[in-house]
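Numbering (full-length UniProt numbering), first residue to last: 1 to 246. The beta-carbon is built from N, C-alpha and C at its ideal position, and this holds for glycine as well. Here's the structure, in structure tokens; my notes come after.
Given below as structure tokens:
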């Protein structure tokens with residue numbers, strides 16, 4: 001009987017380890033990081049606008065910088081029903097007569113500003129609120145770009161009344177005097193609910209240049225502007241351009 005000859009198979013070599021995929025090019029990585037950062041920026045902006053739609057802003061970046069410069073500022077919040085209605089109409093007549101008609105940007109005013117060579121302002125109350133609450137002062141292109149992106153968010157999430165309420169509470173009416181409550185007590189010694197039409201018009205008249213103009217001791221410019229604002233406030237009430245916040 002002959003022994004069967006067996007052959008032992010050699011073990012198969014282990015499969016080669018897969019090569020690591022090549023790293024994406026730097027340009028692609030930068031683009032991915034930029035898109036991720038932009039996405040988080042949009043989410044953060046939405047959350048901030050939602051938050052301050054419900055919670056009153058305790059301060060603003062400009063208030064903080066003025067507080068550091070001056071040592072302190074005068075500011076106390078006044079709710080909508082604590083402000084005389086004529087104040088809101090006067091401010092709209094002075095700063096943004098088409099407030100109820102636009103979606104954040106007044107294209108008619110923008111075209112007029114362009115035709116005038118950029119020497120006149122075209123910012124709406126919505127743009128000013130966006131700048132004051134969420135951004136910084138100045139005319140830099142990054143700030144203007146952020147303002148242009150965030151203003152439609154504010155217009156979409158907040159009501160017109162909320163936009164105007166926040167504006168009246170963060171606007172500067174004199175050096176270091178912010179908001180309608182501080183302004184009415186500073187200039188006239190009354191609560192904002194007791195302001196007369198004349199006083200409201202004078203307060204609105206100082207808004208373009210609050211560090212120079214005075215509502216208590218108005219010069220010729222403030223007097224002329226106050227008279228125009230008085231007439232404008234009555235006009236927007238009659239023609240319905242105050243309906244969105246009244």
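query                                                                                                                    : result
Contained alpha helix (DSSP H) runs [length at least 4] in the region 49-110, N- to C-terminal order                     : 61-70 and 85-95
Span of the alpha helix (DSSP H) around residue 134                                                                      : 125-134
Nearest residue (CA-CA) to residue 239, options 133, 151 and 89                                                          : 89
Meets three-Cβ-pair contact criterion under 8 Å: the region 201-210 and the region 223-235                               : yes
Bridge partners - residue 172, DSSP secondary structure assignment                                                       : 178
Given 8 Å, three or more beta-carbon pairs between the region 65-73 and the region 81-100                                : no
Residue 147, enclosing alpha helix (DSSP H) - first and last residue                                                     : 141-157
Local conformation of residue 184 per DSSP, three classes                                                                : helix
Three-state secondary structure (DSSP) of residue 222                                                                    : helix
C-alpha gap between residue 144 and residue 78, whole angstroms                                                          : 29 Å
Sub-8 Å separation of residue 76 and residue 181 beta-carbons                                                            : yes
Nonlocal neighbours in the same chain, by C-beta distance under 7 Å from residue 153, ignoring five residues either side : 45, 46 and 49
7 Å Cβ shell around residue 157 - same chain, five flanking residues per side excluded                                   : 49, 50 and 53
Distance between residue 24 and residue 64 (C-alpha atoms, nearest Å)                                                    : 44 Å
N- and C-terminal bounds of the alpha helix (DSSP H) containing residue 201                                              : 197-205
Whole-number beta carbon distance between residue 60 and residue 266, since they are thought to touch under 8 Å          : Absent from the structure is residue 266, since the part of the chain shown begins at 1 and ends at 246.
Residue 130 beta carbon less than 8 Å from that of residue 108                                                           : no
Candidates 137, 83 and 139: closest to residue 190 by CA position                                                        : 83
Sequence-distant residues of its chain with Cβ nearer than 6 Å to residue 244 (five each side left out)                  : 100 and 160
Exposure label - residue 169; buried when at least 16 CB within 10 Å                                                     : buried
Residue 127 versus 85, 87, 171 and 86, residue with shortest Cα-Cα distance                                              : 171
Close beta carbons around residue 290, own chain, < 7 Å, minus the five adjacent residues each side                      : Limits of the chain in this structure are 1 at one end and 246 at the other, which puts residue 290 out of reach.
Contact check, residue 174 vs residue 218, beta carbons under 8 Å                                                        : no
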